[in-house]
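In this note's numbering, the protein residues as written are 241 to 434.
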Ligand code: GRF
């Protein structure tokens, strides 16, 4: 691990449910000399998530959490977070909603990426809704997580122009490329004060 001058990197976890391209971009950023974070743990609620392979290949501890019972699942997650001394959480395509109780325990320490220009298009199926509404622009937002879905303080946003020929799939692809660049930039901004 690269040492900050006189300071250790801050232990962080990434929560995923699928592909894991944002996990990958955060992880790559964490390896830079001047980054202040170290990814110590990946949590997935989905045992088929592709991101699990990335975590394994890069020797990051990865825990799969069954979400039959949210209380039990979150208790298990909190135990792992404590075990790995996790101070910050990055949600990267995590498809479960964290309870108010959980969020309180990590107040202002959970960051999420959402594929729209918040506060517009909170929730699921953003690209389909954006196209159906004939929007000229969409984009992505990195924000702090508070108790209300997709409503926490915005850290950074990137606008993406919608092309005439775009459908939800092509737009999702272009926005994802921007997400992968925006997430590390937003983390860098948040950690300036550390
Ligand atoms: C991203 O579009 C993110 O904004 C959304 O879920 C997707 C996750 O993609 N919340 P990936 O798993 O990081 O590739």
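For every residue, glycine included, the Cβ atom is placed at its ideal position computed from N, Cα and C.
Simplified DSSP assignment, three categories, for residue i
i	result
residue 372	helix
residue 328	strand
residue 379	strand
residue 317	helix
residue 272	coil
residue 292	helix
residue 310	helix
residue 337	coil
residue 342	helix
residue 297	helix
residue 420	helix
residue 388	coil
residue 362	coil
residue 323	helix
residue 411	helix
Supposed close pair residue i, residue j - CB separation, criterion 8 Å
i	j	result
residue 408	residue 371	6 Å
residue 303	residue 313	Wrong, their Cβ atoms sit about 11 Å apart, outside the cutoff.
residue 434	residue 250	6 Å
residue 298	residue 419	In fact, because the Cβ distance is near 20 Å, the residues do not count as touching under 8 Å.
residue 380	residue 415	5 Å
residue 259	residue 333	7 Å
residue 315	residue 329	Not confirmed; about 15 Å, so no contact.
residue 340	residue 285	The pair is not a contact, with the Cβ atoms about 18 Å apart (cut-off 8 Å).
residue 398	residue 422	5 Å
Beta-bridge partners of residue i, as assigned by DSSP
i	result
residue 352	331 and 383
residue 254	282 and 330
residue 263	For residue 263, which the question treats as bridged, DSSP gives no partner whatsoever.
residue 400	378
residue 277	250
residue 303	283
residue 394	383
Would the stretch 382-395 and the stretch 355-374 be scored as touching if the rule is three or more Cβ pairs under 8 Å?
yes
Contact the stretch 282-293 vs the stretch 373-380: 3+ CB pairs below 8 Å
no
Would you say the stretch 273-283 touches the stretch 253-261, given that touching needs at least three Cβ pairs under 8 Å?
yes
Spell out a yes or no on whether the stretch 308-325 and the stretch 266-278 are touching, meaning 3 or more CB-CB pairs, one atom from each, closer than 8 Å.
no
Is the stretch 410-428 in contact with the stretch 343-355, if contact means three or more CB pairs nearer than 8 Å?
yes
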